[in-house]
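Quick note: the sequence shown uses the numbering used here, first residue 17, plus one each step.
The beta-carbon is built from N, C-alpha and C at its ideal position, and this holds for glycine as well.
None of the values given here were measured: they were computed from a predicted structure.
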Amino acid sequence: YHAVARMMKGFNAPVYGFYEPIPAIVKVNGRRCHVFACAAVGCGQKIKRYLDKNDKCSTSNLRSHSKKCWGEEAFEKAHEVKDLAKIREVVGRAKNSPNGNVAAMFACSEGKGIVSYMHRQHTTEEARAVIVKWVAQSMRPFSIVEDPGF
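The structure is reproduced here in structure tokens:
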């Protein structure tokens, strides 16, 4: 336990917030490595960092995967926050949110108010509700949306 706690003192870069808090320590072909599991729902990617190399503290492979999996904008927002505990909290909330947008969650956590836009396509029901609201608020004729598919 003490070895893991000592090892994790150095894990304070914002990129670690996109991975499970405690990495596995395994041997692959006789070489020790840390295995970081991506925290994204459904990802399952495990990033290995070998400990017998000069770059044993490098986060480049973690950064590369985070940008691909979570998006460049979320990655940049996390680096603006710089607080690993807050990043993990936001990532945890984003995993359980309907649209799962981490960048929007960071904006909310920074006190910038509720984000009023969505980063995913509306479902059919949501699109219909938005259109009905627009027609009613704008006092448009409902004939605009007269369509057998609507």
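- request: Grab the span of the beta strand (DSSP E) containing Ile-41 for me, first residue to last.
  value: By one-based count along the sequence shown, residue 41 stands at place 25. Ile-41 -> beta strand (DSSP E) spans 40 to 44.
field: Phe-34 to Ala-56 span [Cα, whole Å]
entry: Along the sequence shown, one-based indexing puts residue 34 at 18. Along the sequence shown, one-based indexing puts residue 56 at 40. Looking at the two C-alpha atoms, the distance is approximately 7 Å.
- prompt: Where does Ala-173 land, buried or exposed, given buried means 16+ other C-beta within 10 angstroms?
  reply: Coverage of the chain is limited to positions 17 through 166, which leaves residue 173 absent and any answer about it impossible.
- prompt: Which residues bound the alpha helix (DSSP H) around Ile-147?
  reply: Indexing the sequence shown from 1 puts residue 147 at position 131. Unbroken alpha helix (DSSP H) run through Ile-147: 140 to 153.
field: Simplified DSSP state of Ala-94, which is helix, strand or coil
entry: On the sequence shown, position 78 is the one that residue 94 refers to. If DSSP states are grouped into helix, strand and coil, Ala-94 belongs with the helices.
query: Quick one: any contact between the region 58 to 76 and the region 90 to 105, if contact means 3 or more CB pairs under 8 Å?
result: no
Spatial neighbours of Gln-61 in its chain, beta-carbon cut-off 8 Å, leaving aside the 5 residues before and after: Working through the sequence shown from its first residue, we reach residue 61 at position 45. Ala-53, Cys-54, His-81 and Cys-85.
query: Which first and last residues belong to the beta strand (DSSP E) in which Cys-49 is found?
result: Residue mapping note: residue 49 aligns to position 33 of the sequence shown, counting from 1. Looking at the DSSP string, the run of the beta strand (DSSP E) that includes Cys-49 is 47 to 53.
query: Do you know whose CA, among Arg-22, Val-20, Ala-21 and Asn-28, lies nearest Ala-101's CA?
result: Numbered from 1 along the sequence shown, position 85 holds the residue referred to as residue 101. The shortest C-alpha separation from Ala-101 is found at Asn-28.
query: Considering only the beta carbon of each residue, do Arg-48 and Ile-38 sit closer than 8 Å?
result: The sequence position of residue 48 within the sequence shown is 32, counting from 1. The sequence position of residue 38 within the sequence shown is 22, counting from 1. No. Outside cutoff.
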